[in-house]
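All remarks here apply to the structure that follows.
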Amino acid sequence: MTKIHFRPYNPNQTVLFPQRIDEDIAENDPVRMVDALVEGLNLESFRKLYKECGRSPYHPRMMLKGILYAYMNNIYSCRKIEKLLHRDIHYIWLAGYEKPDFITINRFRNRVKKEINEVFTQTVLLLSSKGFISLNVEYIDGTKLESKANKYTFVWRKTVERNRERLMKKIHVLLGQIDDVIAREKSSENNEEVEFTPAMLTEMAGELRHALEQVSEPSAKEEKTELKKKRKQLKELEEHRDKLQEYDCHLETLQERNSYSKTDKDATFMRMKEDAMRNGQTKPGYNLQIGTENQFITDFALFPNPTDTLTLIPFLQSFSNRYDRMAHTVVADSGYGSEENYRFMSENGMEAYVKYNYFHMEQRPRFKPDPFKAENFYYNEEHDFCICPMGQRMRRIGTRNVKTASGYVSENARYRAVRCEGCPLRCRCFKVKGNRTIEVNHRLRQYKRRAKE
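Structure follows, in C-alpha cells:
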C-alpha cells in the first residue's frame with residue numbers, strides 16, 4: 199500500500215515574525231481602491247461632529263472606509279458590517295483591527311448624512327483630476343423608487359384645501375352664533391373675510407370659557423337650555439380649532455407637493471413603472487435623477503415630481519452648485535423635452551441632445567405626419583401666416599400665453615382660416631362650427647427642429 203504524505207497542518211502554529219495582513223490582499227483588489235480614495239479625501243468637516251471631552255471616538259476615516267466598502271458589495275446592514283469587521287480580512291485591514299459594534303456604525307452613519315454629500319463631491323472631483331471624467335458632459339436619466347410606506351396612508355393637497363375651506367365656513371357660522379357671548383370687532387365685523395388661525399380660535403375659546411364660568415347656574419329651564427347650548431358651542435369651537443391645526447400641519451408638510459404619505463412624509467404619491475394590477479394606482483415614492491459620465495455617477499437628486507420634465511432645470515442647477523460650473527453638453531431622453539428646458543439650456547450655452555415627445559415615432563420608416571395637425575401646417579415666417587391642407591392662408595389673429603405647472607409662460611401664436619364653409623376637407627380637418635383656429639408655438643417648433651438635427 200502506498201504511503202501518502204500530507205502537508206503539515208497546525209492551526210495553532212505560531213510564527214516568529216508575524217505577517218502583515220495586507221500581504222494576503224491582492225494588489226488589484228477593489229478594497230485597496232477604497233482605502234486610497236478615502237485617504238485622499240479632506241474630512242475636516244467631520245471634526246465638528248465630535249466633542250473634545252469623553253472617550254476617544256473611532257477615527258471617521260476608518261469608519262468611512264468600512265461603510266463604503268460594504269456598500270460597494272451591496273451590504274447595508276450594520277450587524278452584517280460588524281460581523282465582517284471580525285471575520286473578513288479585507289474589513290479587518292481597512293479598520294486596522296478596530297471592531298466597532300453595530301450601534302456605533304449606525305450612529306456614525308446617521309450622523310454624517312450631510313457630510314457624505316461632500317465626500318461624494320470630492321470623489322467626483324478626484325476622478326476628474328485623474329482624467330476619468332471631464333465634467334463637460336452629463337447624461338441624465340431618472341427612475342422612481344417606491345417607498346416602504348403603506349400605500350393607503352395618502353394625504354392629498356386638494357382634499358386638504360377643500361376640507362379646510364369647508365371648515366372655515368363652519369367656523370364663521372359658529373362664531374356668528376356665539377357673537378352675543380363674545381363681543382369683539384374681529385368676530386362681529388367683516389366676519390366672512392377673516393381668515394382664522396388656530397391661535398385666534400384658542401384665544402376665542404378661552405374668552406368664551408371665561409365668560410361661561412362667570413355665569414351663575416340658572417334656575418329657569420330656558421336659561422339652562424341656553425347655557426347648555428353655549429357649552430356645546432364651546433366644545434365645537436375647540437374641535438374646529440384642532441381640525442384646523444391638523445389641516446395647517448398637512449399643508450406645511452406638503453409645501454409645493456400635491457401629496458405625501460403619513461408614514462413617510464418625504465414620499466410623494468406617483469404612478470410607478472411596475473403596475474401589477476394595471477390600474478394606474480399611485481404609490482408613495484421618489485423620483486431619483488442621476489447624472490453620469492463615462493459610467494461614473496456625477497450628480498444625483500431626489501424630486502417629488504412624478505414626471506421628469508420639471509426636474510431637469512433644478513437638476514442642472516444642482517450640478518452647477520456642486521461643481522461651480524455648468525455641463526457643456528446635456529444628453530437626455532424625450533421625458534425632458536419641453537420649451538422651458540430647451541430655452542434654459544440654450545440661454546446657458548449648453549449643447550442639448552434632448553429628444554421630445556413623438557421623436558421615436560417620427561423616426562419609424564412607416565411614419566407619415568398627419569397633414570391636419572396644426573404643427574404640420576406650412577408656416578411662412580416672412581409674412582407670418584400658415585397654410586392649411588386645402589391651401590388656404592390662415593391669418594394671425596393674436597397671441598395666447600400658457601402658464602405651465604412650473605410657472606413658465608409660453609407664447610402661442612393664434613391663426614384663423616377665412617373660408618372653411620364648403621371645404622371638401624372640413625370633415626377631416628375639424629368638426630366645430632365656424633372657421634378653424636389653430637395655435638402654434640414657434641419657439642418650441644424651432645427647438646424641435648434643432649433636436650432633429
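Under my numbering, the first residue of the sequence shown carries the number 199, and numbering increases by one thereafter. Yeah, the Cβ is synthetic: ideal placement off N, Cα and C, and Gly gets one too.
Asked                                                                                                                                                                                   : Found
Looking only at DSSP bridge pairs, what is TYR613 linked to?                                                                                                                            : ARG594 and ILE636
Quick one: Cα of PRO587 to Cα of LYS571, how far?                                                                                                                                       : 9 Å
Name the DSSP bridge partner or partners of ASP497?                                                                                                                                     : GLY489
By a C-beta neighbour count over all protein chains shown, 10 Å radius and 16 as the cutoff for buried, is GLU491 buried or exposed?                                                    : buried
Identify which residue in SER327, GLY264, SER326 and ASN633 has its Cα closest to the Cα of LYS304.                                                                                     : Looking at the sequence shown, residue 304 is not Lys but Asn. It is GLY264 whose Cα lies nearest to the Cα of ASN304.
Helix, strand or coil for TYR551 per DSSP?                                                                                                                                              : strand
Rounded to whole angstroms, how far is the Cβ of ASN610 from the Cβ of VAL638, which I believe are closer than 8 Å?                                                                     : 7 Å
Using the Cα positions of THR236 and MET260, report the straight-line distance between them to the nearest angstrom.                                                                    : Reading off the sequence, residue 236 comes out as Val, not Thr. For VAL236 and MET260, the distance between alpha carbons rounds to 9 Å.
Would you identify the three-state DSSP class for PRO482, choosing helix, strand or coil?                                                                                               : strand
Using beta-carbon positions only, say whether LEU247 and ALA268 come within less than 8 Å of one another.                                                                               : no
Are ASP339 and ILE223 close, meaning C-beta to C-beta below 8 Å?                                                                                                                        : no
Determine the contact status of ALA403 and LEU435, defining contact as a CB-CB distance below 8 Å.                                                                                      : yes
First and last residue of the alpha helix (DSSP H) that includes PHE513?                                                                                                                : 510-521
Sort TYR540, ASN555 and TYR554 by Cα distance to MET548 and report the nearest one.                                                                                                     : TYR540
Mind checking which residues open and close the alpha helix (DSSP H) that includes ARG439?                                                                                              : 419-452
In angstroms, rounded to a whole number, what distance separates the CA positions of LYS278 and HIS203?                                                                                 : 40 Å
What number of angstroms, rounded off, separates the C-alpha of VAL528 from the C-alpha of ASN240?                                                                                      : 30 Å
Suppose only complete runs of 4+ residues qualify. What are the alpha helix (DSSP H) ranges in the stretch 224-292, listed by chain order?                                              : 228-237, 258-270 and 276-285
What three-state label does DSSP hand ARG205 in the structure shown?                                                                                                                    : coil
Regarding GLY483 and the ligand ZN, is the C-beta to nearest heavy atom distance less than 7 Å?                                                                                         : Absence of the ligand ZN is noted for the structure shown, with no ligands found whatsoever.
Can you give me the Cβ contacts of HIS558 inside the same chain, cut-off strictly under 8 Å, excluding the 5 residues immediately before and after it?                                  : SER532
Buried or exposed: ARG382, going by 16 or more other Cβ atoms within 10 Å of its Cβ?                                                                                                    : Note on ARG382: pLDDT 48, under 50, position unreliable in the model; the coordinate value appears next. Result: exposed.
Do the stretch 323-339 and the stretch 448-457 meet, that is, are 3 or more Cβ pairs less than 8 Å apart?                                                                               : no
Which of the three DSSP states is assigned to MET366 in this structure?                                                                                                                 : helix
From LYS384 to GLU393, what distance separates their C-alpha atoms?                                                                                                                     : Here the model assigns LYS384 a pLDDT of 45, short of 50, so the residue's position is not dependable and the matter cannot be decided.
Give me the Cα-Cα distance between PRO165 and GLU454, rounded to the nearest whole angstrom.                                                                                            : Outside the displayed span of the chain (199 to 651) sits residue 165, for which this structure offers no information.
Distance, Cα to Cα, TYR645 vs SER608?                                                                                                                                                   : 13 Å
Return the CA-CA distance between HIS370 and THR480, expressed in angstroms with no decimal places.                                                                                     : 36 Å
Buried or exposed, going by whether 16 or more other CB atoms sit within 10 Å of the CB of ALA603?                                                                                      : exposed
For the beta strand (DSSP E) holding GLY652, just list the boundary residues, first then last.                                                                                          : Residue numbering for the chain in the displayed model covers 199 to 651; residue 652 lies beyond these limits and cannot be assessed.
If MET524 sits next to SER516, beta carbons under 8 Å apart, how far is it from one beta carbon to the other, in whole angstroms?                                                       : In fact, because the Cβ distance is near 11 Å, the residues do not count as touching under 8 Å.
Beta-carbon within less than 8 Å of GLU336's beta-carbon, same chain only, minus the 5 sequence neighbours each way: which residues are those?                                          : GLY489, THR490, GLU491, THR496, ASP497, LEU514, PHE517, ALA525, THR527, VAL528 and VAL529
Give every residue of the same chain whose Cβ lies closer than 6 Å to the Cβ of PRO298, excluding the five residues on either side of it in the sequence, and list them in chain order. : TYR256
How is the beta strand (DSSP E) around SER327 delimited, first residue to last?                                                                                                         : From DSSP, SER327 is part of no beta strand (DSSP E) but of the alpha helix (DSSP H) over 311-327.
Can you give me the Cβ contacts of ASP582 inside the same chain, cut-off strictly under 7 Å, excluding the 5 residues immediately before and after it?                                  : ARG594
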